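Numbering (the numbering used here), first residue to last: 227 to 506.
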């Protein structure tokens, strides 16, 4: 596993932004996504996995009932399966999705939120999603290439396939390949893959956290198992316990806090509680 243990705030900055320079456009635009965890031993397990028991058998029941009872509250695209799945994940339903961010500082925040884990080394996973998507099945890679995109959106997943327009009649036919998780899983029957997609901007929390989700065509597959078989796709930045307080305080000075990332009274209260908690 490609781990890098930092020994100072300065080294952390270098590692967080390592590989950010893009020669093609002469800008700092890294093809990376990040996930911060308060304990470096934690797995990249989904909330569905943490449900326990035969969770993979419960997935369809959870989603079916969420759709049934939440329909009146789901705005935007109530008929889009991927939209519904993203909303379900966002509101805490156990799903096979996993949260990531484009922001290294937001990932750092989540590695430093649990004060009761400040005696444990934290970690930030850095994954090259552009290289990950090079391993997608052909139909998925073609969709990204057609759109000139590096990551999917709910709209791209919903209308996956080819759009053929009959110029004589003006009619447009849509061939949808992935309308359910069963169809999505079928794409990974020959070889598993990892896919990143951006959720709809349904509220400020998703926007402020610069969020995106990962999904695999197998609800029982732990993502770090797949990544460890492809070590060229990722690295991990280990944050030693003795640096956590310094990193936390400096991140607060950058205004990367619960108050910003969780707009509303809940986020404000969480920030104030942590801010005034005694060290140690």
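All C-beta atoms, glycine included, are put in the ideal place defined by N, C-alpha and C.
These numbers were taken from a predicted model, which means no experiment stands behind them.
Item                                                                                           : Value
Alpha carbon of residue 346 to alpha carbon of residue 373, nearest angstrom                   : 43 Å
Residue span of the beta strand (DSSP E) that contains residue 260, given as start and end     : 258–263
Residue from 366, 335, 274 and 435 with nearest C-alpha to residue 404                         : 366
Straight-line gap, residue 377 to residue 323 (C-alpha atoms, nearest Å)                       : 15 Å
Beta-carbon proximity of residue 340 to residue 264, cut-off 8 Å                               : yes
Option in 438, 266, 450 and 272 with minimal Cα separation from residue 348                    : 266
Residue 311 beta carbon less than 8 Å from that of residue 327                                 : no
Local conformation of residue 314 per DSSP, three classes                                      : helix
Same chain, Cβ closer than 7 Å to residue 432, five either side skipped, listed in chain order : 316 and 425
Unbroken alpha helix (DSSP H) run spanning residue 472, endpoints                              : 470–479
Contact check, residue 258 vs residue 477, beta carbons under 8 Å                              : no
Interface flag, residue 442 vs chain C, CB-CB below 8 Å                                        : In summary, chain C is missing from the structure at hand, where a single protein chain is found.
Whether residue 352 touches residue 255 by CB criterion (8 Å)                                  : no
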